[in-house]
Amino acid sequence: MILHPASLGLLAGAAFCLLFLCQAAVVAVRILTGWNRDDAGEKQLRLERLTHLESALLRLVFALQAASLLLFLYSADLYAHFIPGAMCATGVLQASPAGWYVLLVKGLLFFLASGWLLLNRWDRLGDRYPLIRPKNLLLLVILPLAAADALLLSRFIGGLRTDLITSCCGVLFESGGTSVAGELAGLPPLTMLAVFYGHALVLLLVLFACLWRPAVVLRGMLAIVALTFFATSLLALISVFSLYIYELPTHHCPFDMLQREYGFIGYPVYLSLLGATLAGCVPLLMAFCRRWAGDGLFPAGEEKRWLRLCLILLAVLLLLTGWVVLRSALSLR
Numbered sequence: 005m006i007l008h009p010a011s012l013g014l015l016a017g018a019a020f021c022l023l024f025l026c027q028a029a030v031v032a033v034r035i036l037t038g039w040n041r042d043d044a045g046e047k048q049l050r051l052e053r054l055t056h057l058e059s060a061l062l063r064l065v066f067a068l069q070a071a072s073l074l075l076f077l078y079s080a081d082l083y084a085h086f087i088p089g090a091m092c093a094t095g096v097l098q099a100s101p102a103g104w105y106v107l108l109v110k111g112l113l114f115f116l117a118s119g120w121l122l123l124n125r126w127d128r129l130g131d132r133y134p135l136i137r138p139k140n141l142l143l144l145v146i147l148p149l150a151a152a153d154a155l156l157l158s159r160f161i162g163g164l165r166t167d168l169i170t171s172c173c174g175v176l177f178e179s180g181g182t183s184v185a186g187e188l189a190g191l192p193p194l195t196m197l198a199v200f201y202g203h204a205l206v207l208l209l210v211l212f213a214c215l216w217r218p219a220v221v222l223r224g225m226l227a228i229v230a231l232t233f234f235a236t237s238l239l240a241l242i243s244v245f246s247l248y249i250y251e252l253p254t255h256h257c258p259f260d261m262l263q264r265e266y267g268f269i270g271y272p273v274y275l276s277l278l279g280a281t282l283a284g285c286v287p288l289l290m291a292f293c294r295r296w297a298g299d300g301l302f303p304a305g306e307e308k309r310w311l312r313l314c315l316i317l318l319a320v321l322l323l324l325t326g327w328v329v330l331r332s333a334l335s336l337r
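Pasting the structure below:
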């Protein structure tokens with residue numbers, strides 16, 4: 005499987021990102037130990053030139069890292085044609101011990117890389133690099149995760165065998181099974197439907213409260229509700245919405261919905277969920293930046309734009325899931 009074009013692209017992308025992150029980490033350490041914005045000497049000027057170069061390279065690297073999550077899922081779905089017993093990405097992830105860990109690490113990298121890109125944007129808009137230290141500290145946090153991603157990805161792709169049978173999604177997500185996936189699939193569908201829309205209502209209320217009042221505690225509450233809503237949505241997708249998508253009362257796979265047979269409905273669902281979660285966490289990140297660099301850091305209306313984006317993406321997610329339920333020939337009554 006290593007010679008598959010998707011494998012070569014994933015491995016080359018991971019190696020490219022890790023190489024430039026290692027180089028950028030050296031610059032980050034120099035900045036963290038020697039940065040003094042009140043100094044006009046040659047050392048400080050050299051550091052300012054380095055941070056421009058670092059910023060330009062890392063914008064590309066972290067954009068690739070943020071996109072690699074969906075690219076990995078798409079590639080795993082392609083591998084299902086070559087792995088005996090695999091019908092979608094679930095069987096492929098089961099075929100290699102590192103598969104699920106790659107997915108977890110890439111999910112963490114999506115949010116951390118997006119956070120760095122935001123910090124970098126605001127740092128460039130500010131006066132004399134007000135967020136230079138936080139964004140470089142975040143870079144040093146991301147580096148070991150990127151190394152783990154490259155290592156696990158190579159183990160995952162190298163461990164795929166075309167002569168061994170793996171478990172399909174129907175076995176792994178069997179309702180009432182003893183595995184964690186089986187227990188998630190066995191959650192009461194109608195109860196999870198009520199929990200999902202109830203949690204969405206709470207998120208909407210907190211969003212409107214944040215639009216109305218600029219309290220920091222509301223931003224913290226919004227981030228918590230957005231992150232817990234992400235978990236609730238994944239549970240609901242496995243336990244109830246998958247049933248309506250596949251129109252089968254026993255099929256709970258969260259990855260089959262990425263396939264052509266189901267209109268690639270999984271991509272807009274997951275993108276809107278990831279985007280809403282990220283946008284819900286941004287106001288808290290902005291509150292942290294204000295404490296670090298003062299109130300004049302952001303352009304006018306920046307926070308409200310993110311709050312509205314979270315609202316729009318949440319509405320898209322609710323419309324998609326509602327449409328899936330209404331158009332389906334399956335009834336759980």
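Going by my numbering, the sequence shown opens with residue 5, and the numbers climb by one from there. Even for Gly, the Cβ is constructed at its ideal location relative to N, Cα and C.
Minimum C-alpha distance to alanine 204 - residue among Leu215, Leu176, Ala240 and Pro192: Ala240
Contained beta strand (DSSP E) runs [length at least 3] in the stretch 224-259, N- to C-terminal order: none
Given leucine 25 as reference, the closest of Ala117, Cys214 and Arg331 once Cα atoms are compared: Ala117
Histidine 8 - DSSP class collapsed to helix/strand/coil: coil
Beta-carbon contacts of leucine 322 that lie in its chain and below 7 angstroms, excluding the five residues immediately before and after: By the criterion of a C-beta distance shorter than 7 angstroms, leucine 322 is surrounded in its chain by Ala204, once the five residues flanking it on both sides are discounted.
Inter-residue CB distance, alanine 189 and serine 243 (contact presumed, cutoff 8 angstroms): So it is a contact: roughly 6 angstroms between Cβ atoms.
CB of cysteine 257 within 8 angstroms of CB of phenylalanine 177, strictly: yes
C-alpha distance - glycine 186 paired with threonine 254, whole-angstrom precision: 11 angstroms
Cβ neighbours of leucine 324 in the same chain (closer than 8 angstroms, five flanking residues each side left out): Ile269, Pro272, Val273 and Ser276
Where tyrosine 133 falls: helix, strand or coil (DSSP): coil
Rounded separation between leucine 143 and tyrosine 133 - CA only: Taking the straight line joining both Cα atoms gives about 16 angstroms.
Helix, strand or coil at phenylalanine 212 according to DSSP, with G and I counted as helix: helix
Cysteine 314 - containing alpha helix (DSSP H), residue span: 306-331
Exposure of serine 335, with buried meaning 16 or more beta-carbon neighbours within 10 Å: exposed
The alpha helix (DSSP H) enclosing glutamine 69, as first and last residue numbers: 46-83
Pair within 8 angstroms by beta-carbon distance, valine 109 and leucine 156: The answer is yes: Cβ separation under 8 angstroms.
Host alpha helix (DSSP H) of glycine 95 (start-end): 93-99
Contact belief for valine 328 with tyrosine 248 at Cβ below 8 angstroms, rounded distance in angstroms: 5 angstroms
Nearest neighbour of alanine 16, chosen from Asp167, Ala230, Asp153 and Gly103 [CA to CA]: Its Cα nearest to that of alanine 16, the residue Asp153 stands out among Asp167, Ala230, Asp153 and Gly103.
Three-state secondary structure (DSSP) of isoleucine 87: In the structure shown, isoleucine 87 sits in coil (DSSP, three-state: anything other than H, G, I, E or B).
Residue closest to serine 79, alpha-carbon to alpha-carbon, out of Ile228, Leu288, Ile161 and Leu135: Checking every option, the nearest Cα to that of serine 79 belongs to Ile161.
Residue from Val286, Leu278, Leu262 and Arg312 whose Cα sits closest to the Cα of methionine 91: Leu262
Cutoff 8 angstroms; reference isoleucine 169; Cβ partners in own chain excluding five residues on either side: Pro88 and Gly89
Collapsed DSSP secondary structure at aspartate 167 in the structure displayed: coil
Spatial neighbours of valine 229 in its chain, beta-carbon cut-off 8 angstroms, leaving aside the 5 residues before and after: His203, Val206, Leu207, Val210 and Gly284
Buried or exposed (CB count within 10 angstroms, at least 16 for buried), aspartate 81: Looking at its Cβ environment, which holds 16 or more other Cβ atoms inside 10 Å, aspartate 81 is buried.
Cα-Cα separation between leucine 68 and cysteine 21, rounded to whole angstroms: 8 angstroms
Nearest-angstrom Cβ-Cβ length linking arginine 223 and leucine 149, presumed shorter than 8 angstroms: About 25 angstroms; that fails the 8 angstroms criterion.
Cβ distance (whole Å) where leucine 14 is taken to contact phenylalanine 114 below 8 angstroms: Actually they do not touch by this definition, with Cβ atoms about 15 angstroms apart.
Cβ distance (whole Å) where aspartate 1 is taken to contact lysine 139 below 8 angstroms: Only positions 5 to 337 of the chain appear in the structure, and residue 1 is not among them; the question remains open.
Cα-Cα separation between serine 246 and leucine 191, rounded to whole angstroms: 12 angstroms
Pick from Val30, Leu129, Leu226 and Val184 that is closest to leucine 147, judged by C-alpha positions: If we check each option's Cα against that of leucine 147, Val30 comes out closest.
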